[in-house]
Amino acid sequence: MQCARLKSLAREWFQKVREDALAPARMMEFIHRHIRGCPICQNDPDLPQEVEKIREFIRAPEVIPTVTEISEEPEEEALV
Ligand SMILES: [Zn+2]
30 MQCARLKSLA
40 REWFQKVRED
50 ALAPARMMEF
60 IHRHIRGCPI
70 CQNDPDLPQE
80 VEKIREFIRA
90 PEVIPTVTEI
100 SEEPEEEALV
């Protein structure tokens, strides 16, 4: 993972997943949304594998959300 921003976001989201404040599937949505908007993440060749590891770790279902579903969520800003 080359993106410092995603690293810190993932840490925050993971904390919330552990506290049951965020569903694992939701965390995966946030990760995928960040990657779509982030040139650093898009140019990180190892990132898909790392995201897959995260998914297994938090036991999220293997569902890639649609763009419409996630574009309505303002939560990423709220977590900064
Ligand atoms: Zn990024």
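Mapping of the sequence shown onto my numbering: residues 30 to 109, in sequence order.
Yeah, the Cβ is synthetic: ideal placement off N, Cα and C, and Gly gets one too.
All of these numbers come straight from a predicted model, not from anything done at the bench.
- According to the DSSP assignment, E81 belongs to the alpha helix (DSSP H) that extends over 76 to 87.
- Counting other Cβ atoms within 10 Å of its Cβ, A39 reaches 16 or more and is therefore classed as buried.
- When DSSP states are grouped into helix, strand and coil, L51 belongs to the coil group.
- In this structure, A50 sits away from A89, with a CB-CB distance that is not shorter than 7 Å.
- Nearest neighbour of C32 by Cα position, chosen from I87, E81, I69, turns out to be I69.
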